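See structure below.
Residue numbers (my numbering), protein chains in the order written: chain A, 35 to 404; chain B, 1414 to 1825.
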């Protein structure tokens, strides 16, 4: 039994934590929260120098050729630090989509640039305040020209290219790769609950798109892509949840009321214990997802859904109760509690809500038990 | 990252599996018991049968894997006990007779007893010839164990015991027991305790069964009236009984087994087999959401155990993180029971084994699962343990720590 990360992977984690504590401190995160810049470009360059973008990209495509376990380790640290960069969009979604379904030419064109930190990608799936399913899509493709509006698109305002899901007639959806600097693309920033991650509305008006993967297989490919991303995002959520738990613990130890540390009251202790249990259950589910992702195991769809549900709920619980344990101070702009609260809700919705993933999880269990 | 045994672990697992296949019947479902397989066969899971199985298990060297070889163990690291338990849980074997003796009483004797005492008691306990019980909890001392009041008074070479214990599993069939009692009521609460072992056939011991809400009786009350224990059966020094009791309880954490009763598999199966007002239960959105929650918890605990096994496999000691297993599983068992009955609607109340699904396993679990949240650390005590030992939060403010015990306020 070896259900843990290796010594080398733990060394990578320590290195990532050290780097991010210097370069993605709360002061730096707040610059993005409060300023006009869409992401921390200096941090992004630094991450590129560390080679993080190429972690899971194969060597022939300019990556480091490590596996997804290493990427999970980095994701957890990014989540812990709240690093305001387009890493998730570019790596968990765009690069994964290319590796999953891209042609040789598409991989050759984009993966080396991604690995170098020179290209930003994104996934353009959602179309407004509703569940994203093929039935709800109105973005259409005719002769590889796309027309429609995608919102919100994480990092869509800064990305060089987007992976776009569009329909081509009744019930037939396909993925396209769209050069966002090309013709027919209009982008505008949209406000979200978490300004430390930039989002856009992308309007497409007969914008040229290259088919990505088999035509008509857009939805199954998207589901496979979301499963893979779900595991990686679960590690970001896990890192964030752990950080929120630690913040709450520190505050409860330092805050005195009724003549004693509030951390000595059972109402607070039990709340923290419940946060810990949530984080540990999420951690175990995320590890299993990491294992399934790395092995490309048949268990991946179930493992990814369980990891997503556990991590989304653990992070939200930890972030929300962190504010509660901080009392009034937790409700202020000045304290960092709200950064995790925002990020918890954002990451909980970015690949679809836990409600939706629970339904998927049960469908997959049914399919497995049939 | 993998789930594979090491070569040595795999060889041991095969050995255990082969031995079990030769000496026990495989279970047909995860929660099957002797009683559910053979309803009405009185005594089938009784003490004599358990002793016979235990003696074979001891002979094959599986009864106490981590004990030193001189006492019949194999001196193996704890991971091997986990592997054996995993294999054994797939078979119908008698359970609940020897765990306390081998897992808690003997380790305490090994730590504090004399060589001749170990020689006398360990092999008999291992073979199942002598069954042990643990006389700790009292009516006024459960979670607050150190508040116990059973008196131990010195009289020549003996101690004289008066008082009452409760929640003693197996006291009605036990041959011997470990006991913690108050030797000095003037001392502070944790400092006036002394630890003993004794013969359960001693004069002055009366055992009464406790009927639980399920109707079954696993526990007892044990009354002591002038029971005499030779001073040679004291474990640890006079007044140091609390430290000895902690040794016993630390071992409890390694012994606590899986909860029995219907789990995710069973509620998932029920939802697939049951029809609600709007079609199959499994197609109902509210049912699906709860099933997903239960699955995530079930997997979370199972996988957390794999992380613990990884630590054990590396020779590391699992920490109190382990206590999340029971804290999640015990309330989950109760939730599954109640949820299953809700799916059966008006018919959910029926406990007739020929009518209720799974021979009324869910209904039985409704009545047994509350105990899981109380025994071996209540939900609340487990949260305190996580808060204090894992998260490093301060202990509760204690008003009783330094006062003489006989001046503490008591329950009405």
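The C-beta atom is built at its ideal place from N, Cα and C for all residues, glycine as well. Owing to the predicted nature of the structure, the values given are computational and were not obtained by experimental measurement.
At least one CB of chain B closer than 8 Å to the CB of residue i: is that the case?
i              : result
residue 355(A) : no
residue 298(A) : yes
residue 153(A) : no
residue 102(A) : no
residue 95(A)  : no
residue 281(A) : no
residue 290(A) : no
residue 170(A) : no
residue 269(A) : no
residue 413(A) : The displayed coordinates of chain A run from 35 to 404. Any statement about residue 413(A) would go beyond what the structure contains.
residue 253(A) : no
residue 322(A) : yes
residue 294(A) : yes
residue 340(A) : yes
So residue i contacts chain A; which residues on that side make the cut at Cβ distance below 8 Å?
i               : result
residue 1785(B) : Ordered by position in chain A, no residue passes the 8 Å Cβ test against residue 1785(B), which lies about 16 Å from the chain.
residue 1741(B) : 311 and 315
residue 1726(B) : 35 and 36
If we count the other Cβ atoms within 10 Å of its Cβ and call it buried at 16 or more, is residue i buried or exposed?
i               : result
residue 1602(B) : buried
residue 170(A)  : exposed
residue 1818(B) : buried
residue 111(A)  : buried
residue 1599(B) : exposed
residue 239(A)  : exposed
residue 212(A)  : buried
residue 1451(B) : exposed
residue 1680(B) : buried
residue 1670(B) : Note on residue 1670(B): pLDDT 46, under 50, position unreliable in the model; the coordinate value appears next. When all chains shown are included, residue 1670(B) counts as exposed.
residue 1545(B) : buried
residue 165(A)  : exposed
residue 248(A)  : exposed
residue 90(A)   : buried
residue 292(A)  : exposed
Kindly indicate if chain A contains any beta-carbon less than 8 Å away from that of residue i.
i               : result
residue 1799(B) : yes
residue 1425(B) : no
residue 1369(B) : Because chain B is modelled from 1414 through 1825, residue 1369(B) falls outside the range shown and cannot be assessed.
residue 1796(B) : yes
residue 1745(B) : no
residue 1827(B) : This structure cannot settle anything about residue 1827(B), because the visible part of chain B is limited to 1414 through 1825.
residue 1648(B) : no
residue 1710(B) : yes
residue 1670(B) : Summary for residue 1670(B): the model assigns pLDDT 46, below 50, so the residue's position carries little reliability; its value from the coordinates is reported in the next sentence. So, not an interface residue.
residue 1626(B) : no
Taking residue i as the query, report the chain B residues whose CB atoms sit under 9 Å from its CB, ordered along the chain.
i              : result
residue 349(A) : Going along chain B, no residue has its Cβ under 9 Å from residue 349(A), so there is no contact; the nearest lies around 14 Å.
residue 328(A) : 1414
residue 262(A) : What residue 262(A) touches in chain B: nothing, since even the nearest Cβ is about 16 Å away.
residue 53(A)  : Ordered by position in chain B, no residue passes the 9 Å Cβ test against residue 53(A), which lies about 23 Å from the chain.
If the cut is a Cβ gap below 7 Å, which residues of chain A does residue i touch?
i               : result
residue 1705(B) : 343, 392, 395 and 396
residue 1809(B) : 298 and 300
residue 1418(B) : 35
residue 1749(B) : By Cβ distance, chain A contributes nothing, its closest Cβ being about 15 Å from residue 1749(B), past 7 Å.
Residue i versus chain B: which residues are under 7 Å apart at the beta carbon?
i              : result
residue 318(A) : 1713, 1716, 1717 and 1720
residue 306(A) : 1800, 1804 and 1806
residue 73(A)  : Here the premise fails: no neighbours, minimum Cβ distance about 31 Å.
So which residues on chain A does residue i lean against when the C-beta distance must stay under 9 Å?
i               : result
residue 1701(B) : 392, 393, 395, 396 and 397
residue 1763(B) : None at all; the shortest Cβ gap to chain A is about 26 Å.
How about residue i: is its Cβ closer than 7 Å to a heavy atom in the ligand SAH?
i              : result
residue 369(A) : Questions concerning the ligand SAH fall outside what the structure shown contains, since it holds no ligand whatsoever.
Length-filtered (3 minimum) beta strand (DSSP E) runs lying within the stretch 1671 to 1715 of chain B: none
Cβ pair count under 8 Å reaching 3, the stretch 1709 to 1717 of chain B against the stretch 1765 to 1775 of chain B: no
Contained alpha helix (DSSP H) runs [length at least 4] in the stretch 324 to 367 of chain A, N- to C-terminal order: 334 to 360
Contiguous beta strand (DSSP E) assignments of at least 3 residues, all confined to the stretch 229 to 280 of chain A: 233 to 246
3-residue-minimum beta strand (DSSP E) runs that sit fully inside the stretch 1559 to 1631 of chain B, ordered along the chain: 1564 to 1568, 1571 to 1579, 1589 to 1595, 1606 to 1612 and 1618 to 1623
The stretch 113 to 122 of chain A touching the stretch 169 to 186 of chain A, judged by at least three CB pairs closer than 8 Å: no
Three-pair Cβ contact test at 8 Å for the stretch 193 to 206 of chain A versus the stretch 143 to 156 of chain A: yes
Segment contact, 8 Å Cβ cut-off, at least three pairs: the stretch 277 to 296 of chain A with the stretch 123 to 138 of chain A: no
Those runs of the alpha helix (DSSP H) which lie wholly inside the stretch 1425 to 1511 of chain B and span at least 4 residues: 1447 to 1450, 1460 to 1472 and 1491 to 1501
Segment contact, 8 Å Cβ cut-off, at least three pairs: the stretch 1572 to 1581 of chain B with the stretch 1531 to 1543 of chain B: no
Residue ranges of each alpha helix (DSSP H) within the stretch 109 to 136 of chain A, 4 or longer: 130 to 135
Sufficient close CB pairs (3 or more, under 8 Å) joining the stretch 313 to 328 of chain A to the stretch 362 to 376 of chain A: no
Stretch pair the stretch 1550 to 1557 of chain B + the stretch 1478 to 1493 of chain B: three plus CB contacts closer than 8 Å: no
Stretch pair the stretch 1639 to 1652 of chain B + the stretch 392 to 399 of chain A: three plus CB contacts closer than 8 Å: no
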